[in-house]
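Here is the structure we will look at.
Protein chains: 2
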Amino acid sequence: MPGYERHIFVCENARPDGHPRGCCAARGGTAVRARFRQLVQEHGLATRVRANMAGCLDHCAHGVAVVVYPEGVWYGGVTVEDADEIFARHILAGEVVERCRIPAASPPRA
Amino acid sequence: MPGYERHIFVCENARPDGHPRGCCAARGGTAVRARFRQLVQEHGLATRVRANMAGCLDHCAHGVAVVVYPEGVWYGGVTVEDADEIFARHILAGEVVERCRIPAASPPRA
């Protein structure tokens, strides 16, 4: 079937400056996705892993928000440096990067 | 942990008119996502199911492309009417809508 072993969605939602919820675009979502894409390419994994742009993932307070499927692991406050670690440990080795996870008690819109 | 029981990603990627790969936006991606969102709201499932905008899912020949996680089921050529059926059968009842699936032999970019 079509699909990927791991599908990374990076929020790149943009809101106007000064919006009370902020947005992942302003926090660097596009750079985070670009870094994941670069790592996928460099490792020759384009048919197995995809780093995808996503609209609002509704975790604006934890931007840049990232979710990795099929595991459904949510990361928050992701920087380009965090992307390197998430790629190396989670995408390549299957180990969740606990320090980057969105806290367990955080529902959407938290 | 944060997350959804089912997370629907709808490609809304837009390319210029006449682009050889076409795009899901031109095929109605935004209307398909709007319909999924409406259904989620109507059923009071906003904390359990999310219909999300996605950038290019790399199944442009099968647009509007939709992927449902955590199952990783890919649908193609999705119309607003198909969204109704996918919501009723897959999202609510857990039954994959086989007639809407992207064919098994289709890799990305097919």
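These protein sequence lines map, in sequence, to chains A and B. Counting from 104, one number per residue, gives the positions in the first sequence under this note's numbering. Counting from 104, one number per residue, gives the positions in the second sequence under this note's numbering. For every residue, glycine included, the Cβ atom is placed at its ideal position computed from N, Cα and C.
Can you find a CB in chain A that lies within less than 8 angstroms of the CB of residue i?
i: residue 215 of chain B; result: There is simply no residue 215 of chain B to check, as chain B begins at 104 and stops at 213 in what is shown.
i: residue 196 of chain B; result: no
i: residue 106 of chain B; result: yes
Quick check: what's the CA-CA separation for residue i versus residue j?
i: residue 116 of chain B; j: residue 114 of chain A; result: 14 angstroms
i: residue 199 of chain B; j: residue 193 of chain B; result: 5 angstroms
i: residue 106 of chain A; j: residue 143 of chain A; result: 15 angstroms
i: residue 178 of chain B; j: residue 197 of chain B; result: 14 angstroms
i: residue 195 of chain B; j: residue 195 of chain A; result: 33 angstroms
i: residue 109 of chain A; j: residue 160 of chain B; result: 13 angstroms
i: residue 121 of chain B; j: residue 132 of chain A; result: 29 angstroms
Along chain A, which residues have their Cβ under 8 angstroms away from the Cβ of residue i?
i: residue 172 of chain B; result: 110, 172, 173 and 175
Would residue i count as contacting chain B if we go by Cβ distances under 8 angstroms?
i: residue 153 of chain A; result: yes
i: residue 137 of chain A; result: no
Roughly how far, in whole angstroms, is the beta-carbon of residue i from the beta-carbon of residue j, given that I think they are within contact range, below 8 angstroms?
i: residue 181 of chain B; j: residue 203 of chain B; result: 6 angstroms
i: residue 130 of chain B; j: residue 187 of chain B; result: The Cβ separation is near 17 angstroms, so there is no contact.
Below 7 angstroms on C-beta distance, what does residue i contact in chain B?
i: residue 205 of chain A; result: 105
What residues from chain B crowd round residue i, counting only those whose CB sits closer than 8 angstroms?
i: residue 157 of chain A; result: 112, 155, 156, 157 and 158
Decide yes or no for the touch test of the segment 140 to 147 of chain B against the segment 143 to 158 of chain A: beta carbon pairs closer than 8 angstroms, at least 3 of them.
no
Cβ contact (3+ pairs, closer than 8 angstroms) linking the segment 157 to 172 of chain A and the segment 123 to 143 of chain A:
yes
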